[in-house]
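Take a look at the structure below.
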Amino acid sequence: MAPNQHSGAVVVGVDGSDHSEGAVHTAAGLAALEVRRLDVVHAPTRISGTVPHHLVETPPGGAEVAILDHARQIALGVAPGLAVSTEIARDDPRTALEHASRTARAVVVGSRGLGSVRNLLLGSVGLHVALHSRCPALVVRPVAGPGDEGPRRIVVGTSGTGTSAAAMEFAYARAALLGLSLRVVYCVDFHHGLTGMTDRDLEGLLLGRRAVTEGVAGLRTTYPDVDVDFELGRGPAVECLARASAHAGMLVVGAPPRTGIAARPVDPVTRGVVEHARCTVAVVPGSS
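The opening position of the sequence shown corresponds to residue 1 in full-length UniProt numbering, with each subsequent residue numbered one higher.
What follows is the structure in structure tokens.
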């Protein structure tokens, strides 16, 4: 390990496609900001898409090496001097990246689309990693078009519970590192509008808002330079957060802790946000 380099690498899965190149850009930037090693992982079965045509004629094994070398050059272009390691994984890519997440700081994967994507468009590996990673998982989406590449705020969805505490910490730290503003979104589904809410509904709304405010108080002290505002989002959580993501650079959401061997049920809100958000999504599992 290099001097001052933190333990816990940033891991990025690549397959040689354009959207995995975007993942390398994001992963390299994160690794450089946090002074961590970047681990580039490629599985011969490919994470998604196909091997680019200019690599098809390379000798057996040459395509894999070329993909990793290209990813390394992209990473070093983003952050010259960055410590970069490469690996050809022999496991299924989902297994390889999920295993890597047990000791990583973050796992980064690319996606093929921008907003309102479905499982096949996002890719089974990207969705699997987002929903099962033991560490924060970033699903990187391309910017919408020219003029949309500038700095954009970080948005974090919160329920005011312990599940979202780790997501709040990640969002604040990311905003502080990048010098971006932060928006905290608390979603409430008003089935019949405000006039149809019962006293119990109103009490739950007030308690939830109080929990969010109290949870942010300590982080405001830790990250005093982060400009933060709050938004009460109306409607189902997935729709609410998808709307909030339209003008965000990253949407951060929490997920239940992922420990032990037994598989846990997938949180439908987390899955829906990963599928429908219009920007890069960071899924941050809570601590056990």
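Positions of the beta carbon are idealized from the N, C-alpha and C atoms, including for glycine.
DSSP places P80 outside both helix and strand once states are collapsed to three, so it counts as coil. Excluding the 5 residues flanking it on each side, T26 has same chain C-beta neighbours closer than 6 Å at V108, V140, in chain order.
Note: V226 is not bridge-paired with any residue in the DSSP secondary-structure output.
Sorting D18, I88, A75, A28 by C-alpha distance to the C-alpha of E64 places I88 at the top.
In this structure, R94 places its C-beta atom within 8 Å of the C-beta atom of V129.
With 16 or more other Cβ atoms inside 10 Å of its own Cβ, S245 counts as buried.
Between the region 278-288 and the region 164-172, the count of Cβ pairs shorter than 8 Å is three or higher; the stretches touch. Counting along the chain, the unbroken alpha helix (DSSP H) around T95 starts and ends at 93-100. One Cα belongs to S133, the other to R271, and the distance between them is close to 13 Å.
Apart from sequence neighbours up to five positions away, the residues of its chain that approach L251 with a beta-carbon distance below 6 Å are V155, S245, A277, C279, V281, ordered along the chain. One alpha carbon belongs to R153, the other to G179, and they sit about 9 Å apart.
In this structure, H70 lies near G16, with their beta-carbon atoms less than 8 Å apart. Straight across, the Cα-Cα distance linking G233 with Y186 is about 6 Å. About 5 Å separates the beta carbons of P257 and G286, which is inside the 8 Å limit, making them a contact pair. Listed in chain order, the non-local C-beta contacts of C240 below 6 Å within the same chain comprise C187, G233, local neighbours out to five positions each way being set aside. R36 counts as buried, since at least 16 other C-beta atoms from the protein chains shown sit within 10 angstroms of its C-beta.
About 6 Å separates the Cβ atoms of G215 and A165, confirming a contact at the 8 Å cut-off. Per DSSP, C240 is one residue of the alpha helix (DSSP H) stretching across 237-244.
Annotation for R220: V226, V228 place their beta carbon closer than 8 Å to its own, counting only its chain and skipping 5 residues before and after. In chain order, R36, R37, L38, D39, A104, R105 place their CB closer than 7 Å to the CB of A9, counting only its own chain and leaving out the 5 sequence neighbours on each side. Shown here for G110: same chain residues with a beta carbon closer than 6 Å to its own, the five before and five after excluded, namely H19, S20, G22, A23, V140 in chain order. Sorting A83, T222, R210 by C-alpha distance to the C-alpha of S7 places A83 at the top. For S17, there is no enclosing beta strand (DSSP E), since its DSSP letter is neither H nor E.
Per the coordinates, the alpha-carbon of G235 lies some 13 Å from the alpha-carbon of S159. Put simply, of E231, H247, G157 the residue whose alpha carbon is nearest the alpha carbon of A237 is G157.
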